[in-house]
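Peer 1: I have a structure here, written as structure tokens, and I will follow up with some questions on it.
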Amino acid sequence: MSGADSARPRFKRGDAVRVRAAEKPGHIRTPWYIQGKTGAVEKVHGAFRNPESLAYGGDGLPKPCLYLVRFAHADVWKPAGRASRDAILVDVYEHWLEPA
Amino acid sequence: MPRVHDRGGWPGAGPIDKAEHEPSMWEKRTDALLVLLTSPEKRVMRVDELRRAIESLEPRAYETMSYYERWITAIEALMIEKGILTHEEIDARVKELNERGR
Amino acid sequence: MHDHEHADDHSPHAPLQDTHELSYYERRAQAIQALLIERGVVTADEVRRAVEDMDSRTPAMGARVIARAWVDPAFKARLLADGKAAVAELGIDTGPLITLVAVENTERVHHVVVCTLCSCYPRTVLGLPPDWYKSLSYRSRVVVDPRGVLKEFGLELDPDVEVRVLDSTADMRYLVIPERPDGTENFGEAQLAALVTRDSMIGVTKARVPEPV
């Protein structure tokens with residue numbers, strides 16, 4: 001984990017998480033296509049400064065925990081026909097995640 | 101409705117044009133400028149601020165400007181926002197450079 | 203005579219004479235750079251050195267890393283555990299702002315990397331990204347239809363291979379370790395590195411297959 005001012009990670013590898021769907025103004029790094037979708041934590045990256053604050057000259061503190069979250073392609077895009085076993089993996093900050 | 105930079109799954113995307121262009125000198129210098137301005141030694145700005153400034157472009161501008169055109173536009177906006185340069189002095193220098201034809 | 207410094211005058215790469223009309227943006231870039239140098243925010247020398255550093259970073263750097271990982275399983279394990287430290291063993295400095303993460307392609311799992319929100323790319327190991335990687339089209343399509351995009355790059359994968367699209371939304375920069383091609387058992391590192399293309403380290407293709415003897 002990086003950063004002495006970070007709290008303990010809320011999630012661990014394997015946890016099912018849902019991405020918040022939010023009409024949040026300003027700079028965010030959560031792509032629209034995963035908002036509201038459910039995935040699983042693939043990796044806990046550790047604490048990193050919050051880009052939503054850095055983008056406006058803030059210090060990005062306290063550092064949120066960052067996770068690599070894995071989504072089944074079929075869950076994200078709901079394609080017609082047979083689902084592939086493909087996946088989309090996205091780095092998501094903890095405050096965008098809730099337990100699923 | 102996703103914002104213009106939030107491009108995953110954007111409809112109407114055509115085949116991928118694989119042609120590559122060697123960046124011109126001004127593009128490389130713009131890139132270099134960003135690296136220097138965001139370096140921990142200088143910390144004049146953050147990459148996050150550049151992204152935010154680019155995301156603030158009018159959607160049509162975002163979609164039609166080239167990659168480094170977006171960058172230099174964002175760098176200019178941030179230099180002005182941070183009070184490091186003014187719009188007037190940049191305009192004046194552009195005018196001077198144009199008149200000198202260099 | 204005016205006393206302005208211009209980076210153009212100091213760069214060995216400046217065109218001898220601009221015979222084309224400078225675009226609006228090129229002119230603004232020139233003005234901004236000149237003013238920042240005058241203001242002491244950057245120096246002409248720093249700009250020159252930053253451009254030289256950029257020019258020195260090419261996919262050949264990444265290819266050396268991949269070749270080393272192919273021949274040395276302990277190095278590959280270190281690369282997968284800590285990309286920054288591992289590539290530093292080969293003299294590559296990934297700098298303080300990003301975290302390099304290597305991901306491994308196998309016959310069962312195929313990773314491909316994108317940044318849908320902008321253009322994040324492991325520049326410190328591969329150099330500047332190709333235009334297509336930054337294009338609106340790639341950013342849009344590869345998360346929706348990765349196999350369609352791979353097919354455009356000449357790669358068709360079996361349905362039972364798992365394609366994993368990595369969307370670089372934060373400080374991680376993903377480097378794909380492509381599969382080592384068959385028939386390279388006796389290849390040295392330099393020969394192996396020659397098979398590793400930039401596109402295979404992004405994940406839109408596999409590494410090149412050796413020429414038949």
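Residue numbers (the numbering used here), protein chains in the order written: chain A, 1 to 100; chain B, 101 to 202; chain C, 203 to 415.
By construction, the Cβ of each residue, glycine as well, lies at the ideal position given by its N, Cα and C atoms.
Along the alpha helix (DSSP H) that carries B/I172, what are the first and last residues, could you check?
Peer 2: Its alpha helix (DSSP H) spans residues Y167 to E181.
Peer 1: Report the neighbours of A/P31 on chain E: residues whose CB is nearer than 7 Å to its CB, in chain order.
Peer 2: Considering every chain present, this structure includes no chain E. Its protein chains are A, B and C.
Peer 1: Is the beta carbon of C/V289 closer than 9 Å to that of C/T296?
Peer 2: The answer is yes: Cβ separation under 9 Å.
Peer 1: At the level of alpha carbons, what is the spacing between A/S53 and A/W96?
Peer 2: Looking at the two C-alpha atoms, the distance is approximately 14 Å.
Peer 1: Quick one: any contact between the segment 384-396 of chain C and the segment 103-113 of chain B, if contact means 3 or more CB pairs under 8 Å?
Peer 2: They do not touch, by the three-pair rule.
Peer 1: Which value, in whole angstroms, describes the spacing of the CA atoms of C/I268 and C/M374?
Peer 2: So the alpha carbons of these two residues sit roughly 18 Å apart.
Peer 1: Let me confirm a value: C/Y226 is counted as buried when at least 16 other C-beta atoms fall within 10 Å, else exposed. Which label applies?
Peer 2: By the 10 Å Cβ count, C/Y226 comes out exposed.
Peer 1: Name the residues in the segment 338-360 of chain C whose C-beta lies less than 9 Å from a C-beta of chain B; which are they?
Peer 2: For the segment 338-360 of chain C, which is checked against every Cβ of chain B, the residues closer than 9 Å are L338, S339, Y340, R341, S342, R343, V344, V345, V346, V351, E354 and F355.
Peer 1: What's the call for C/P261, buried or exposed, on a 16-neighbour Cβ count within 10 Å?
Peer 2: C/P261 comes out buried.
Peer 1: For the ligand ATP, is there any heavy atom lying closer than 8 Å to the beta carbon of A/V90?
Peer 2: Inclusion of the ligand ATP in the displayed structure is not the case, the ligand content being empty and no account of it being possible.
Peer 1: Counting Cβ pairs, one atom from each stretch, are 3 or more of them under 8 Å apart for the segment 224-238 of chain C and the segment 164-176 of chain B?
Peer 2: Judged by Cβ distances under 8 Å, the segment 224-238 of chain C makes contact with the segment 164-176 of chain B, as three or more pairs qualify.
Peer 1: Buried or exposed: where does A/T30 fall if 16 or more other Cβ atoms within 10 Å of its Cβ makes it buried?
Peer 2: Classification of A/T30: buried, given that the 10 Å Cβ count is 16 or more.
Peer 1: Could you name the residues of chain A that B/I155 contacts, counting a contact when the two beta carbons are closer than 8 Å?
Peer 2: The question names Ile, but residue 155 of chain B is Glu in the sequence shown. H27, listed in chain order.
Peer 1: Please state whether the Cβ-Cβ distance between A/L61 and A/N50 is less than 9 Å.
Peer 2: Contact flag set, yes.
Peer 1: What residues of chain C sit near A/S53, judged by a beta carbon separation below 7 Å?
Peer 2: Near A/S53 there are no residues of chain C at all, since even the closest Cβ is about 14 Å away, more than 7 Å.
Peer 1: Any beta-carbon of chain B closer than 9 Å to the one on C/P261?
Peer 2: No - not a single Cβ of chain B is within 9 Å of the one on C/P261.
Peer 1: Is the CB-CB distance between C/Y323 and C/S370 below 9 Å?
Peer 2: Contact: yes.
Peer 1: Quick one, which residues of the segment 185-199 of chain B are near chain C if we go by CB-CB under 7 Å, in chain order?
Peer 2: Listed by position along the chain: L185, E189, I190, R193, V194, L197 and N198.
Peer 1: With 9 Å set as the bound, which would you pick, yes or no: does the beta-carbon of A/V41 sit closer than that to a beta-carbon of chain C?
Peer 2: For A/V41, the answer is no, since every Cβ of chain C falls outside 9 Å of its Cβ.
Peer 1: Just the Cα atoms here: how many angstroms apart are B/D131 and C/M263?
Peer 2: Answer to the nearest angstrom: the Cα atoms are 20 Å apart.
Peer 1: Since C/P261 is in the alpha helix (DSSP H), which residue starts that stretch and which ends it?
Peer 2: Note, C/P261: alpha helix (DSSP H), P261 to V273.
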